[in-house]
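Visitor: Take a look at this one; I'll ask things after.
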């Protein structure tokens, strides 16, 4: 069963688009309508004056209405996996019997107590719907991947393939270092997958680390005449970093066209990619690791 990509869902209809000026105008119109016809013009003139106490009262009321309706919007989002954050998302995970994973345990005994590093909302949000895959005991790909990701907070991603009948190879990408999983982490995942309630009796499961493909990025930006170069370069660098982070998954290719798209922020006319020289194409047992990036400004294109 394919898991829905929550980022592709349309905005929920229940969440309103709020505009203070529209609400204020509606309140003024309603107030004017309460007066007799012959008095409405005078009332309208009064309401056009910002200094009028009645106008101040309507402004305060409209502002409070915006706050209240925004609270309703927030409450609506809090019960949707695609939008909930923090403890609201934890509650939704509990509905599917899924807990947020601990990546690094807390150490309250340290001289400066260290708080636990928990699974991010974005990663937890992906695992919650995948819990239904984990209910199957027939050994589908989704079940193996869900149980592998849920075995330890250090697992960044996992994939499952069956090279031959009754043989399953599970690949693990670690959050630590360059992504190569340690033998200790592989043992934890293997133990979770070999649980009698997880693995079908006939399946033979092999757990391996992801093969890491290193790459580096060297790009030159040519800008439109006018804007200062450094803010544009920094914006491109920020967007590129977000792209690189999102692609740190098994089987995620690093395409030159995608790098160009990430670098084309406002003010960039064209981008030249000097490295990598070609697309980094990966299979489900491989992950890309960026060992460094350099973005320079080559001037302007007239």
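Residue numbers (the numbering used here): 8 to 309.
Glycine residues also receive a C-beta, built at the ideal position from the N, C-alpha and C atoms.
Keep in mind that this is a model prediction, so the values were computed, not measured.
Rounded to the nearest angstrom, how far is the Cβ of residue 292 from that of residue 217, given a contact under 8 angstroms?
Guide: Confirmed, about 6 angstroms.
Visitor: Does the count of Cβ pairs from the stretch 222 to 229 and the stretch 278 to 287 closer than 8 angstroms reach three?
Guide: Cβ pair count under 8 angstroms is three or more, so yes.
Visitor: Identify the continuous beta strand (DSSP E) that holds residue 222 and give its terminal residues.
Guide: Taken as a continuous stretch (DSSP letters only), the beta strand (DSSP E) holding residue 222 covers 218 to 230.
Visitor: Can you tell me whether residue 182 is buried or exposed, with buried defined as 16 or more other CB within 10 angstroms of its CB?
Guide: The residue is buried, with at least 16 neighbouring Cβ atoms inside 10 Å.
Visitor: Provide the residue span of the beta strand (DSSP E) that contains residue 206, from first to last.
Guide: First-last for residue 206: undefined, no H or E at that position.
Visitor: Under the assumption that residue 128 contacts residue 92 (Cβ atoms under 8 angstroms), give the Cβ distance between them as a whole number of angstroms.
Guide: Correct: roughly 5 angstroms between the Cβ atoms.
Visitor: Return no unless some Cβ of chain B is closer than 7 angstroms to the Cβ of residue 18.
Guide: Reference to chain B is not applicable here, since this structure consists of a single protein chain.
Visitor: Within the continuous alpha helix (DSSP H) that includes residue 238, where are the two ends?
Guide: 236 to 253 is the span of the alpha helix (DSSP H), which, as asked, contains residue 238.
Visitor: On the three-state DSSP scale, how would you describe residue 55?
Guide: Of the three classes helix, strand and coil, the one that applies to residue 55 here is coil, per DSSP.
Visitor: State buried or exposed for residue 196, treating a residue as buried only when at least 16 other CB atoms are found within 10 Å of its CB.
Guide: Buried, since its Cβ has 16 or more Cβ neighbours within 10 Å.
Visitor: May I ask you to list the residues that DSSP assigns as paired with residue 114?
Guide: Per DSSP, 121.
Visitor: Beta-carbon within less than 7 angstroms of residue 233's beta-carbon, same chain only, minus the 5 sequence neighbours each way: which residues are those?
Guide: Within the same chain, residue 233 has no close Cβ partners at all.
Visitor: I'd like to confirm the pairing. Which residues does DSSP put opposite residue 168 in its beta bridges?
Guide: Residue 168 pairs with 176.
Visitor: My guess is that residue 178 and residue 166 are in contact by the Cβ rule of under 8 angstroms, so how many angstroms apart are they, rounded?
Guide: Between residue 166 and residue 178 the Cβ distance is about 5 angstroms, and since that is below 8 angstroms, they are a contact.
Visitor: Suppose you measure from the CA of residue 126 to the CA of residue 163; what does that come to, to the nearest Å?
Guide: Approximately 10 angstroms between the Cα atoms of the pair.
Visitor: What do you get for residue 261, buried or exposed, if any count of 16 or more other CB atoms within 10 angstroms of its CB means buried?
Guide: Its Cβ being crowded by 16 or more others within 10 Å, residue 261 is buried.
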